[in-house]
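Heads up, the thing below is written out as C-alpha coordinates.
Residue numbers (full-length UniProt numbering): 1 to 72.
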(Lines of atoms letter the chains of each structure in order from A and count residues from 1; the text may use other names and numbers.)
(Lines give C-alpha, C1' and ligand atoms only; values in the text may rest on other atoms or scores of the structure.)
Protein backbone atom coordinates (compact mmCIF):
# COMPACT_ATOMS: atom_id res chain seq x y z
CA UNK A 1 0.00 0.00 0.00
CA UNK A 2 1.57 3.30 -1.14
CA UNK A 3 1.31 6.23 1.25
CA UNK A 4 2.63 9.78 1.51
CA UNK A 5 3.90 11.51 4.62
CA UNK A 6 5.35 14.95 5.23
CA UNK A 7 7.83 15.16 8.07
CA UNK A 8 9.61 18.07 9.76
CA UNK A 9 13.41 17.95 9.91
CA UNK A 10 15.66 20.26 11.87
CA UNK A 11 19.24 21.19 11.06
CA UNK A 12 19.10 21.54 7.27
CA UNK A 13 20.66 24.81 6.10
CA UNK A 14 21.90 24.34 2.53
CA UNK A 15 21.59 22.35 -0.70
CA UNK A 16 24.11 19.81 0.62
CA UNK A 17 21.83 19.17 3.60
CA UNK A 18 18.85 18.77 1.26
CA UNK A 19 20.73 16.26 -0.89
CA UNK A 20 22.00 14.31 2.13
CA UNK A 21 18.51 13.89 3.60
CA UNK A 22 16.96 12.99 0.26
CA UNK A 23 19.66 10.39 -0.34
CA UNK A 24 19.29 8.93 3.16
CA UNK A 25 15.53 8.58 2.77
CA UNK A 26 15.65 7.27 -0.80
CA UNK A 27 18.07 4.51 0.24
CA UNK A 28 15.47 2.98 2.57
CA UNK A 29 13.95 -0.19 1.11
CA UNK A 30 10.30 0.58 0.43
CA UNK A 31 10.70 4.31 -0.20
CA UNK A 32 9.55 5.24 -3.70
CA UNK A 33 10.59 8.89 -3.51
CA UNK A 34 11.64 11.56 -1.04
CA UNK A 35 11.67 15.28 -1.76
CA UNK A 36 13.01 17.85 0.69
CA UNK A 37 11.70 21.41 0.89
CA UNK A 38 14.66 23.25 2.39
CA UNK A 39 12.75 26.48 2.95
CA UNK A 40 10.06 24.74 5.02
CA UNK A 41 12.40 22.22 6.64
CA UNK A 42 10.22 19.33 5.52
CA UNK A 43 10.46 16.16 3.48
CA UNK A 44 7.60 14.51 1.62
CA UNK A 45 8.08 10.76 1.34
CA UNK A 46 6.13 8.33 -0.84
CA UNK A 47 6.57 4.80 0.48
CA UNK A 48 5.22 1.27 0.72
CA UNK A 49 3.56 1.07 4.13
CA UNK A 50 3.92 -2.72 4.07
CA UNK A 51 7.73 -2.42 4.02
CA UNK A 52 8.62 0.72 5.95
CA UNK A 53 7.28 3.02 8.65
CA UNK A 54 8.06 6.32 10.34
CA UNK A 55 10.68 4.71 12.62
CA UNK A 56 12.79 3.94 9.55
CA UNK A 57 12.64 7.60 8.52
CA UNK A 58 13.61 8.78 11.98
CA UNK A 59 16.62 6.46 12.13
CA UNK A 60 17.80 7.36 8.63
CA UNK A 61 17.53 11.11 9.25
CA UNK A 62 19.35 10.81 12.59
CA UNK A 63 22.14 8.77 10.98
CA UNK A 64 22.53 11.48 8.32
CA UNK A 65 23.14 14.01 11.10
CA UNK A 66 19.80 15.79 11.21
CA UNK A 67 16.90 15.78 13.66
CA UNK A 68 13.51 14.26 12.95
CA UNK A 69 10.98 16.60 14.58
CA UNK A 70 7.70 14.91 13.69
CA UNK A 71 4.92 14.51 11.19
CA UNK A 72 3.40 17.63 9.66
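The beta carbon of each residue, even a glycine, is placed where N, CA and C say it ideally should be.
Quiz item: Do residue 6 and residue 58 have their CB atoms nearer than 8 Å?
Solution: No, the pair does not count as a contact, with Cβ atoms beyond the cut-off.
Quiz item: Where does residue 40 sit, in a helix, a strand or coil, going by DSSP?
Solution: coil
Quiz item: Per DSSP, what kind of secondary structure is residue 27 in: helix, strand or coil?
Solution: Three-state result, residue 27: coil.
Quiz item: Who does residue 7 pair with in a DSSP beta bridge?
Solution: 43, 71
Practice problem: Kindly indicate if chain E contains any beta-carbon less than 8 Å away from that of residue 6. | Solution: Looking for chain E here will not work: only one protein chain is present.
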